[in-house]
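In terms of our numbering, the sequence shown is residues 2 to 182.
Down below is the structure, laid out as structure tokens.
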Amino acid sequence: MFKIFSKQRISKSTIAFMAFFLCISMFSSSSLSAKTAGPEGTEIYDSSSGLKIIIPPGALGKATDITVEIIAQPGINNKTGFIHMDVYKISPSDLSLKKEILIYFPTVKYKGVYIYRLKKLMKGNIFTPLIPDDTVGNITEELKIIPDKSLWEEFSADTSQKGYVMVKTKSSGIYTAGYFR
């Protein structure tokens, strides 16, 4: 094990960051939360992963079942150096929002954090109906090409709340957060 790391320079913060996410992934399930949200707004929080979504009043015109799933565990893209956290699918993928929702990703590192939303799969578009579990384990190729702007939309990460990075968006879909080492 030490010979593998002796030729590469891995900072202590990178090791701590990955250890944190390995611990989170051990306790994560693939199906996080399902909740009905309406025009009055709601908060979706999963204590096992720490992900939090706030849907403000007026964002939805009618009651809608919202599902949040982890579809890929944390990982490192050795080609680009991008270290991503869990990858979440927020459904329905065609969710019509009148106001921005807030998505809070748990993190231990704040500077240099990026948030990405998958615009389309390499073999299709996320806005077409997906078979249950269709994306689980099948977005490996897409994760390898972050930050390719043809497939991934980059968001500015708000780091003002300790323990989280936050994004404001009017889109559901597939999200992850992470940083380049």
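Here a beta-carbon is modelled for each residue, glycine too, at the ideal position from N, C-alpha and C.
Check: Residues in its own chain within less than 7 Å of E154 by CB, not counting five upstream and five downstream?
Finding: Y117, R118 and K120
Item checked: Length of the line joining the Cα atoms of G174 and S97 -> 12 Å
Notebook entry, point to check: Do G164 and P107 come within 8 Å of each other at the CB atom, strictly closer than that value?
Noted result: yes
Next item on the list: Determine the direct distance from the alpha carbon of G82 to that of D149, and round the result to whole angstroms.
Entry: 13 Å
Note to self: Considering only their Cβ atoms, is the gap separating I55 from V69 smaller than 8 Å?
What the structure shows: no
Item checked: Residues bridged to N78 [DSSP beta-bridge criterion] -> F83
Next item on the list: Helix, strand or coil for T170, going by three-state DSSP, please let me know.
Entry: strand
Check: Closest by CA to R182, which one among G113, Y89 and A38?
Finding: G113
Checklist line | Extent of the continuous beta strand (DSSP E) run through L103 | finding: I102 to P107
Notebook entry, point to check: Nearest-angstrom Cα distance between P93 and G39?
Noted result: 14 Å
Next item on the list: Can you tell me which of T141, I104, Q162 and E142 puts its alpha carbon nearest to the alpha carbon of F156?
Entry: I104
Margin query: Just to confirm before moving on: does the CB-CB distance between G62 and Y115 stay below 8 Å?
Written below: no
Notebook entry, point to check: By how many angstroms is the C-alpha of M167 removed from the C-alpha of T160?
Noted result: 6 Å
Item checked: Rounded straight-line distance, which links the Cα of I45 to that of A35 -> 8 Å
Checklist line | Residue of Q162, E101 and E142 minimising C-alpha distance to K169 | finding: E101
Next item on the list: Measure the CB-CB distance between I67 and I77 and report whether it falls below 8 Å.
Entry: no
Note to self: Going by DSSP, what residue range makes up the beta strand (DSSP E) through K53?
What the structure shows: K53 to I56
Check: Relative to the C-alpha of N79, which residue among V109, I147 and T37 is closest?
Finding: I147
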